[in-house]
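In our numbering, the protein residues as written are 23 to 236.
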Ligand SMILES: C[S@@+](CC[C@H](N)C(=O)[O-])C[C@H]1O[C@@H](n2cnc3c(N)ncnc32)[C@H](O)[C@@H]1O
């Protein structure tokens, strides 16, 4: 880790209680709505809620609090590198038009920082798993899922996350893929389309999210 990133981490750590007193989510409001809607709709579907790409845990806090308030008791699992994009995965999307300047957008994070933010918001029972979704050990993935939010922005990890999670979805479950509007500098939609074409799954879009029914 470079000196700049270390300093960024130290400064942020000291200011955590102040900076993160409100959940630091980056999901667009209409997509957050869609996630919360499906979490409620699938309340009786068994299996974990999985967020692939949780960044600082802001969406996690909002979703988990809602589940708790509604008495929907399911494991909530977040999978992230906790240090931003995997270099090769990002490089492939630069060739498709993703600006190189976005490469460090989610770096300088850490699992400890996210755990601290979750604790601050009384969400300490969320499970955090560190790793690249494309190469994470199969045993680390939840055995059964009711809702999966895939929010990793790039083509390859989106495609692989879909391939790995789809067989784990309970009947009635749903996968939501963020960043799938018709035109975007993020190429998640390419990964979603590739998955749908290969697996014969109908493409369905709402509010810029790709949707896969389990
Ligand atoms: C847009 S942010 C997630 C935002 C979060 N869901 C929210 O609503 O606040 C994208 C996240 O994907 C993570 N990520 C990118 N590539 C990944 C990969 N191959 N495996 C796991 N996580 C990855 C990044 O570290 C970053 O935290």
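We put the beta carbon where it would ideally sit given N, CA and C, even for glycine.
Pick from the options that is closest to residue i, judged by C-alpha positions
| i | options | result |
| --- | --- | --- |
| residue 204 | 95, 225, 219 | 225 |
| residue 101 | 216, 149, 195, 92 | 149 |
| residue 65 | 91, 40, 82 | 91 |
| residue 109 | 54, 177, 80, 85 | 177 |
| residue 107 | 125, 114, 99 | 125 |
| residue 233 | 103, 173, 43 | 173 |
| residue 116 | 175, 147, 76, 51 | 175 |
| residue 200 | 227, 143, 103, 223 | 227 |
| residue 219 | 184, 195, 27 | 184 |
| residue 127 | 94, 60, 48 | 48 |
Same chain only: Cβ atoms within 7 Å of residue i, ignoring 5 sequence neighbours per side
| i | result |
| --- | --- |
| residue 105 | 129, 131 |
| residue 190 | 163, 164, 165, 166, 167 |
| residue 119 | 207 |
Where residue i sits in the DSSP three-state scheme
| i | result |
| --- | --- |
| residue 221 | helix |
| residue 70 | strand |
| residue 191 | strand |
| residue 112 | helix |
| residue 134 | helix |
| residue 125 | coil |
| residue 144 | coil |
| residue 42 | coil |
| residue 176 | coil |
| residue 61 | helix |
| residue 204 | coil |
| residue 182 | helix |
| residue 155 | coil |
| residue 209 | coil |
Spatial neighbours of residue i in its chain, beta-carbon cut-off 6 Å, leaving aside the 5 residues before and after
| i | result |
| --- | --- |
| residue 156 | 179, 182 |
| residue 212 | 177 |
| residue 171 | 57, 73, 198 |
| residue 97 | 70 |
| residue 99 | 70, 72, 149, 164 |
| residue 79 | 136, 139, 140 |
Residue i Cβ short of 7 Å to ligand 1 heavy atom set
| i | result |
| --- | --- |
| residue 81 | yes |
| residue 49 | yes |
| residue 217 | no |
| residue 73 | yes |
| residue 108 | yes |
| residue 101 | yes |
| residue 67 | no |
| residue 155 | yes |
| residue 115 | no |
| residue 111 | yes |
| residue 39 | no |
| residue 179 | yes |
| residue 145 | no |
| residue 90 | no |
| residue 202 | no |
Beta-bridge partners of residue i, as assigned by DSSP
| i | result |
| --- | --- |
| residue 149 | 99 |
| residue 227 | 232 |
| residue 198 | 171, 233 |
Cut-off 8 Å between Cβ atoms - residues of its own chain near residue i, not counting five sequence neighbours on either side
| i | result |
| --- | --- |
| residue 30 | 130 |
Neighbour flag for residue i against chain D, beta carbons, 8 Å
| i | result |
| --- | --- |
| residue 160 | Protein chain content of the structure displayed is limited to a single chain, and chain D is not contained in it. |
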